[in-house]
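Q: Protein chains in written order, with this note's numbering: chain A, 1 to 349; chain B, 350 to 698.
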DNA sequence: TTGAAAGCGCTAACAC
DNA sequence: GTGTTAGCGCTTTCAA
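#1: What does the Cβ neighbour count give for residue 114 of chain A, buried or exposed, with the cut at 16 atoms within 10 Å?
#2: Which residues, taken in chain order from the segment 481-493 of chain B, show a beta carbon closer than 7 Å to some beta carbon of chain A?
#3: With distances taken from CA atoms, which of A:30, A:217, A:184, A:161 is nearest residue 43 of chain A?
#4: Taking a contact to mean a Cβ-Cβ separation below 7 Å, would you say residue 250 of chain A touches residue 205 of chain A in this structure?
#5: So, are the CB atoms of residue 523 of chain B and residue 683 of chain B less than 7 Å apart?
#6: For residue 407 of chain B, which residues in chain A fall below 9 Å Cβ to Cβ?
#7: Nearest CA to the CA of residue 69 of chain A: which residue from A:110, A:41, A:275, A:181?
#8: For a contact defined as C-beta to C-beta under 9 Å, what are the partners of residue 464 of chain B on chain A?
#9: So with Cβ pairs under 7 Å, would you call residue 283 of chain A a contact of chain B?
#10: Can you tell me which residues form a DSSP beta bridge with residue 114 of chain A?
#11: Please report the residue range of the alpha helix (DSSP H) in which residue 220 of chain A lies.
#12: Measuring only the C-alpha atoms, how far is residue 633 of chain B from residue 626 of chain B?
#13: At the level of alpha carbons, what is the spacing between residue 422 of chain B and residue 533 of chain B?
#14: In angstroms, rounded to a whole number, what distance separates the CA positions of residue 359 of chain B and residue 123 of chain A?
#15: Please check if any C-beta of chain A sits within less than 7 Å of the C-beta of residue 543 of chain B.
#16: What is the DSSP secondary structure of residue 236 of chain A, reduced to helix, strand or coil?
#17: List, in chain order, every chain B residue whose beta-carbon is nearer than 8 Å to that of residue 346 of chain A.
#18: Please list, in chain order, the chain A residues whose beta carbon lies closer than 7 Å to that of residue 649 of chain B.
#19: Which parts of the segment 577-630 of chain B are runs of the alpha helix (DSSP H), unbroken and 4 residues or longer, counting only runs that do not cross its ends?
#20: Cβ closer than 8 Å: which chain B residues qualify as neighbours of residue 125 of chain A?
#21: In whole angstroms, what is the alpha-carbon distance linking residue 691 of chain B and residue 104 of chain A?
#22: Would you mind telling me which residues of chain A sit closer than 7 Å to residue 623 of chain B, beta carbon to beta carbon, in chain order?
#23: Counting only the same chain and skipping the five closest in sequence on each side, list residues whose C-beta sits under 7 Å from that of residue 340 of chain A.
#24: Jot down the residue ranges of each uninterrupted beta strand (DSSP E) in the segment 271-331 of chain A, minimum 3 residues, whole runs only, in chain order.
#25: Could you tell me the boundaries of the alpha helix (DSSP H) in which residue 157 of chain A lies?
#26: For residue 580 of chain B, count neighbouring Cβ atoms within 10 angstroms of its own Cβ and tell me buried if that reaches 16, exposed if not.
#27: Using CA atoms only, rank isn't needed, just tell me which of B:636, B:575, B:687, B:648 is closest to residue 659 of chain B.
#28: How should residue 23 of chain A be labelled, buried or exposed, when 16 other C-beta atoms within 10 angstroms of its C-beta is the threshold for buried?
#29: By alpha-carbon positions, which one of B:402, B:426, B:461, B:385 ends up nearest to residue 365 of chain B?
#30: Determine which residues of the segment 357-389 of chain B have a Cβ less than 7 Å from any Cβ of chain A, and write them out in chain order.
#31: For residue 323 of chain A versus residue 64 of chain A, is the C-beta spacing smaller than 7 Å?
#32: Given that a residue counts as buried once 16 or more other Cβ atoms are within 10 Å of its Cβ, and exposed if not, what is residue 345 of chain A?
#33: Give a yes or no on whether 7 Å exceeds the smallest Cβ distance from residue 55 of chain A to chain B.
#34: Taking 7 Å as the threshold (C-beta atoms), are residue 244 of chain A and residue 263 of chain A in contact?
#35: How would you label residue 253 of chain A, buried or exposed, when you count the other beta carbons within 10 angstroms and need 16 or more for buried?
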C-alpha cells in the first residue's frame, strides 16, 4: 500500500469528460448551466458527473472568473482590546448581531453567495484583514464598524473592493451605507416620555465617538426641548448592560427626582432596570424607561421595555442587496438607504 | 477613456519580477519567506513588491498548493425552521457562542488561518453547505451541532474533510471531538444542592435529543441518588430563557414544595428565576437554583447564579488545535479531549 | 452545438 | 542561490 492509494485525487472536469465521451468545454457548459447544449448530451454529462462524484474546484474557477461567490461580514472594533477582553462576547452576545446575520443571509442564500465572518479588533488584525480581502478571497465587504475613528472604511475604499457600511460613516467619505433615521427614533422616545407627563428626564447615551450615539442624544434633546424641557442630563454608556446599570446609578445619585429615562439601546435600558430594581424604584410607576432597538432584551427584561424599533433584518438585507448590486456594476454609485424607526409600546413607559 | 483604463489589472508575480529584475520563482520565494534567497536580492524584491502594491492571488495559490488557509465554523440546527424563526437570534444571542468564537480565533489568528462562518438550519442549506465545503473553500471544519440526528457529521466524514465536533456525537462515529465531562458537572450541581439541605429537588433539562442534555440529566439524577434522593422530577426545555421560565412554572404547579433546582444551562436558569420572582418565591431563600455554563447570563441575573463552569474558550481553542493538527497530518487519528467542569458559587445556591 | 487551445497566477521540481 | 518549466483545474474565445 502506497500513499497514493490513500489519497485519491478528486475527479476533475477532465475525468468527467472522459467518462461522458465529450470535451472539457462541454462538461463545463453543463455544469454551469449554459444554454446551447444538446439535451441528450447534457443528460449523459450529468450522469457522468453523478458517477464520478465531481465537484468543481473553486480555486480553479475563481482564477479564471475572478469571482469567489463569497462576501465578507466584517465586525470592526476599537483598538486597545485583547482576547481576555469581552469584545467577542459583547459583539455576539448583542441580540442585534443575530438579526443582522439573519437579514444578510436571507438575501445571500437564494443567490448562492456565501458569508465569511471576519473580526478586526486590533490594528494588527485590521491590516491582516485588509491583506486577506485584497487577496481576492471575497467579492465584497459588509462592514459593521463600532467606533468613529475606524480606519477600515477608508482602507476598503482604497482597496477598491465593493463595500457597504451598516451606518453612516463618522466622516464624510464616498462609501455606500444603510442606516436608520436616528433623530426620528430618539424623537419617538422623547414624545412618549413627554406624553406620560415626565418632568425630570435623563438619558444614557452610547459611546460618543459613534455617530449613532451622537444622533440619538441630539435627537432626544432636540425633541425634549420642543416639549419645553430645556435640560436633559446624560451619562455615557458603552451599549452593554453593565454600563447601563452603572450609568443609572450615577444618574440616580445626581438627580434623585428622575421620572423618565431614555437609554440609547435596550441592553443599557435593561441594566438601568436592574439598578432601579435594586433601589426599590418602581418602573414605570416612579420612573418610565424607553429603550432603543427592540431587541430580545426588550421582552426578556422586567418589565418588558417600551422601545424604538429599527427594522434590523430589513436593513441588513438592504446592505446585502446594495453590495450585490455594487459587485455586479463596474462603477458603482455611492448610495445610502435610510429606514424609518417605530415605537413599540410595552410596560416600561 | 476606455473600460481598460478604469479597471487596471492587479499586479502579478510577473510584474514584480520584471520590476525587480529577477524570475517569478525568486519573487515567490521571497513572498513566501522561503530560505535560500540572497539577502540583497530579497531586499530588491521586497522593494518591488512595495512599489507595485503586489498582493498574492489566493485562487492561483490554492490551485497549486491545495490549501486555502481557511477553516469553517459550521453551526447546524434541526430542520423545521424558517427565516422568521429566531434560530439565528438564538444561536448568536447565546452568550456561549461569542466565547466559542473567541477561543477559536485565539489559536487560528497566530497561525494566520481564517474563519469562515457557515450556517445550516435547513436540509437545503445543509447540502448546499456540503457542496461548498467539497469545492475546497476551506481546509477543515469545526462543527457545532445542536441536535442529535444531524446528518452533517456523517456527511463530513464521507467528504473526507478534516472535522472536529464541539460535542460527543450522538451516535458513535469515527470523528474527533472536544467535550466537557457532563456527568461530573451535573454531579457538582447535585452536591451543592444536597449540601444546602434541599429536600425536594427538580431539574430543567435541555432538549433530550442532545447527548449533552441526556448526560446532564442522568448525571444529576445519579448524583442525587447517591445523596439519597430517589426521585428527581424534570421538565424538558430547549436552552432558551423562555423555555426555562415556562418549565419552572410547570414544575411549580406540579411540585409546589420544590426547594432546589438544577437548570441544564444558565439561560434557562435565568428564565426560572423570572418565574420564581413572578410568584414571589425567594431565591435562594425558598428555592436554591444552580445553572450550567457560567455564561454572562449567570452574572446578569438577579440573584447572580451559582453555576457549573465549563472552560468554553479553552475547549474551543482545543477544537481549533485538533483541527489544525488533523489538517497537517495525512491520516489523522480520531481523537477526543474532555475538559473538567468546576462549580462557581454565587448567590442563587 | 461542440471541440481545441489559450491562458488565469502561482508553486515546486528540476536544472544550472 | 536562482532561473526554467510544467502544470494545478477551470472558463472562454475561436473555429469547425
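We put the CB at the ideal spot given by N, CA and C, even for glycine.
Computed from a predicted model, the values in this text were never measured in an experiment.
A: If we stick to the structure as given:
#1: Here residue 114 of chain A is taken as the residue at index 114 of the first chain, counted from 1. So residue 114 of chain A ends up on the buried side.
#2: Listed by position along the chain: 481, 483, 484, 485, 486.
#3: Within the first chain, numbered from 1, the residue matching residue 43 of chain A stands at position 43. Looking at the Cα atoms, A:30 is the closest of the given residues.
#4: Reading the first chain from its first residue, position 250 is the one you call residue 250 of chain A. Reading the first chain from its first residue, position 205 is the one you call residue 205 of chain A. Taking 7 Å as the Cβ cut-off, residue 250 of chain A and residue 205 of chain A do not qualify as a contacting pair.
#5: Numbered from its first residue, the second chain carries residue 523 of chain B at position 174. Numbered from its first residue, the second chain carries residue 683 of chain B at position 334. Taking the C-beta atoms as reference points, residue 683 of chain B is found nearer than 7 Å to residue 523 of chain B.
#6: Residue numbering aside, residue 407 of chain B sits at position 58 when the second chain is read from its first letter. The contacting residues are 59, 62, 68, 132, 135, 136, 137.
#7: As a first step, residue 69 of chain A is located in the first chain; it is residue number 69 there, counting from the start. Comparing Cα-Cα distances from residue 69 of chain A to each of A:110, A:41, A:275, A:181, the minimum goes to A:110.
#8: For this step, residue 464 of chain B is matched to residue 115 along the second chain. Simply 116, 117, 118, 119.
#9: Numbered from its first residue, the first chain carries residue 283 of chain A at position 283. At a cut-off of 7 Å between beta-carbon atoms, residue 283 of chain A makes no contact with chain B.
#10: In the first chain, the residue the question calls residue 114 of chain A occupies position 114. Per DSSP, A:70.
#11: Residue numbering aside, residue 220 of chain A sits at position 220 when the first chain is read from its first letter. It spans 211-226 - the alpha helix (DSSP H) in which residue 220 of chain A sits, taken as one unbroken run.
#12: For the purposes of this step, residue 633 of chain B is identified with residue 284 of the second chain, where counting begins at 1. For the purposes of this step, residue 626 of chain B is identified with residue 277 of the second chain, where counting begins at 1. One C-alpha to the other measures close to 11 Å.
#13: Against the second chain, residue 422 of chain B aligns to sequence position 73. Against the second chain, residue 533 of chain B aligns to sequence position 184. The straight-line gap separating the alpha-carbon atoms of residue 422 of chain B and residue 533 of chain B is approximately 28 Å.
#14: One-based indexing of the second chain puts residue 359 of chain B at position 10. One-based indexing of the first chain puts residue 123 of chain A at position 123. Those two C-alpha atoms are separated by around 25 Å.
#15: As a first step, residue 543 of chain B is located in the second chain; it is residue number 194 there, counting from the start. No, no contact with chain A.
#16: One-based indexing of the first chain puts residue 236 of chain A at position 236. It is a strand residue.
#17: On the first chain, residue 346 of chain A is found 346 positions in, with the first residue counted as 1. Residues of chain B whose Cβ lies closer than 8 Å to the Cβ of residue 346 of chain A do not exist, since the nearest Cβ in that chain is about 15 Å away.
#18: Reading the second chain from its first residue, position 300 is the one you call residue 649 of chain B. Listed along chain A are 241, each with a C-beta nearer than 7 Å to that of residue 649 of chain B.
#19: As far as the segment 577-630 of chain B is concerned, its whole alpha helix (DSSP H) runs of at least 4 residues are 590-603, 615-627.
#20: As a working mapping, residue 125 of chain A is identified with position 125 in the first chain. Counting only Cβ-Cβ distances below 8 Å, residue 125 of chain A has contacts in chain B at 458, in chain order.
#21: Counting from one through the second chain, the residue named residue 691 of chain B turns up at place 342. Counting from one through the first chain, the residue named residue 104 of chain A turns up at place 104. Distance between the alpha carbons of residue 691 of chain B and residue 104 of chain A: 38 Å.
#22: Translated into positions along the second chain, residue 623 of chain B becomes position 274. For residue 623 of chain B, the chain A residues whose C-beta falls within less than 7 Å of its own C-beta are 302, listed in chain order.
#23: As a working note, residue 340 of chain A is residue 340 in the first chain. The answer, listed in chain order, is 181, 184.
#24: Taking only runs of at least 3 residues, the beta strand (DSSP E) segments lying wholly in the segment 271-331 of chain A are 288-293, 306-309.
#25: Taking the first residue of the first chain as position 1, residue 157 of chain A is located at position 157. Start and end: 152-159.
#26: In the second chain, the residue the question calls residue 580 of chain B occupies position 231. It counts as exposed.
#27: Residue numbering aside, residue 659 of chain B sits at position 310 when the second chain is read from its first letter. When only C-alpha atoms are compared, the closest one is B:687.
#28: Numbered from 1 along the first chain, position 23 holds the residue referred to as residue 23 of chain A. Counting of Cβ neighbours within 10 angstroms places residue 23 of chain A among the exposed residues, the total staying below 16.
#29: Position 16 of the second chain holds residue 365 of chain B. Ranking the options by Cα distance to residue 365 of chain B, first place goes to B:402.
#30: So the list is empty, because no residue satisfies the distance condition.
#31: Here residue 323 of chain A refers to the residue found at position 323 of the first chain. Here residue 64 of chain A refers to the residue found at position 64 of the first chain. Not a contact, by the Cβ cut-off of 7 Å.
#32: Counting from 1 along the first chain, the entry for residue 345 of chain A is found at position 345. Exposed, since its Cβ has fewer than 16 Cβ neighbours within 10 Å.
#33: Position 55 of the first chain, counting from 1, holds the residue named residue 55 of chain A. Taking Cβ atoms only, chain B reaches closer than 7 Å to residue 55 of chain A, which makes this a yes.
#34: If you number the first chain from 1, residue 263 of chain A lands on position 263. If you number the first chain from 1, residue 244 of chain A lands on position 244. Yes. Within cutoff.
#35: Walking along the first chain from the start, residue 253 of chain A turns up at place 253. Classification for residue 253 of chain A: exposed.
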